[in-house]
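Report on one structure; see the data block that follows.
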Amino acid sequence: MSAYSFLSALGVDFNLHKSNSTFYADLDISRIELLLLLFKDVITPLSPPSRYHHSGGPYKSDEQQAGSLKHLTPALGGVSCIFRREIKPWQRYDLESRILCWDDKWLYIVSHFLKPGSHSETGTGGSEEGVLASAISKYVFKKGRRTVTPEEVLQFLHLVEDGDHADADADANANADAYADASIERSGLGPKVRGQGDQQEHIEVKRKRGLALAAHMAGLDGLHRVA
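Residue numbers (the numbering used here): 4 to 230.
What follows is the structure, given as C-alpha cells:
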C-alpha cells in the first residue's frame with residue numbers, strides 16, 4: 004500500500020522538521036488502508052457475508068462460513084519507528100506499508116517513509132538513501148476474547164494456500180511475508196491461482212526473512228519487567 008503526502012506547517016516542531024509524533028499519525032492511516040485492502044471481508048464492522056470457503060474439509064454455505072471468521076477486530080499491539088533523515092517543511096514524501104511476516108499470534112506490518120520515487124526494497128533497485136524513516140507495527144486479530152491466528156485469517160481469505168504452514172505450531176518462528184502495494188495482486192498475497200506455486204514459495208522465503216526482524220520487536224514484550 005503506497006500513498007504520498009507533504010509536511011505542512013502544522014507538522015513542524017521546534018527543530019524545523021517533521022515532528023516525531025506526526026510519523027505515528029501517518030502510520031495509523033497507512034496501516035488502516037492496508038488492513039482494509041486485505042481484510043475488509045472479516046474486519047468489524049465491514050464484514051459482509053463472505054464469498055470464500057475453505058478448500059479443505061466439507062463445503063460450508065456462505066452463512067456458515069461467514070459466521071466462522073466474521074466480525075474480527077484487529078488490535079494494535081505496538082509500534083517502533085526508526086528516524087533516518089529529517090523531513091523539512093513542505094517536503095513531499097511517500098509512505099509504503101506492507102505485511103512483513105506473522106507468527107502464531109501477531110501480524111507484523113513494515114512501513115517506510117521515502118523520498119518521492121524511491122522504493123523501500125533496496126534489493127529490487129531502490130536505494131537506502133531514499134529511506135527517511137522506517138517503522139514496524141504488530142496487530143492481533145480478536146473475535147471477542149478469542150485470538151485468531153493470522154495464518155487462519157489469511158487462509159480463510161485465500162491469500163495464502165492451505166498447508167503452507169503445517170509446522171507453524173511446532174515452529175512458532177514460522178512467519179510469512181507478503182507485498183501489498185497498489186493491489187492485492189501486487190502484494191504477493193492473493194487468491195490461490197492454479198499454476199502459481201512459485202508465488203507461494205516466494206512468500207514462504209520472504210516470511211522467514213521477515214521473522215529475523217520481527218523477533219527483535221517480539222523480544223520487547225518483556226520490557227515491563229525491567230526495573
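Backbone N, C-alpha and C define an ideal beta-carbon position, used for all residues, glycine too.
All values derive from a computational prediction rather than experimental measurement.
Tell me which same chain residues have a C-beta within less than 8 Å of the C-beta of V15, skipping the five on either side of it?
K21, S22 and P92
The alpha helix (DSSP H) spanning L41 covers which residue range?
N23 to F42
Alpha-carbon spacing of A6 relative to L98, whole angstroms
5 Å
Please report the residue range of the beta strand (DSSP E) in which R77 lies.
A small correction: the amino acid at residue 77 is Pro; Arg does not occupy that position in the sequence shown. Where P77 is concerned, the enclosing beta strand (DSSP E) stretches over T76 to F86.
By how many angstroms is the C-alpha of L223 removed from the C-alpha of H122?
29 Å
Do you know whose CA, among H161, D106 and V163, lies nearest V143's CA?
D106
Pull up the CB-CB distance for K146 and W109, whole angstroms please, since I reckon it's below 8 Å.
Wrong, their Cβ atoms sit about 16 Å apart, outside the cutoff.
What is the DSSP secondary structure of V143, reduced to helix, strand or coil?
strand
Beta-carbon spacing of I102, V163 below 8 Å
no
Inspect the beta-carbon positions of L135 and R87 and report whether they are closer than 8 Å.
yes
Bridge partners - T150, DSSP secondary structure assignment:
K145
Just reading off the beta strand (DSSP E) that W105 is part of, what are its end residues?
R95 to W105
Does the Cβ of T152 have 16 or more other Cβ atoms within 10 Å, making it buried, or fewer, making it exposed?
buried
Residues bridged to Q115 [DSSP beta-bridge criterion]:
A small correction: the amino acid at residue 115 is His; Gln does not occupy that position in the sequence shown. DSSP lists E99 and S137 as partners of H115.
Cβ-based burial, E204 [other Cβ within 10 Å; buried from 16]:
exposed
Assigned secondary structure, S71 (DSSP; H/G/I helix, E/B strand, else coil)
helix
H115 and S83 look like a contact to me (Cβ under 8 Å); what is the Cβ gap, rounded to whole Å?
Incorrect: roughly 13 Å between the Cβ atoms, too far for contact.
Per-residue DSSP class, three states only, for L110:
strand
For chain D, is any of its Cβ atoms less than 8 Å away from the one on E204?
Absent from the structure is chain D; it holds one protein chain and no more.
How would you label F17, buried or exposed, when you count the other beta carbons within 10 angstroms and need 16 or more for buried?
exposed
The beta strand (DSSP E) enclosing S11, as first and last residue numbers:
Careful: S11 lies outside any beta strand (DSSP E) and carries neither H nor E.
When you compare the CB positions of I112 and R34, do they come within less than 8 Å of one another, or not?
yes
Once the 5 residues before and after L79 are set aside, which same chain residues still bring their CB inside 7 Å of it?
S140 and Y142
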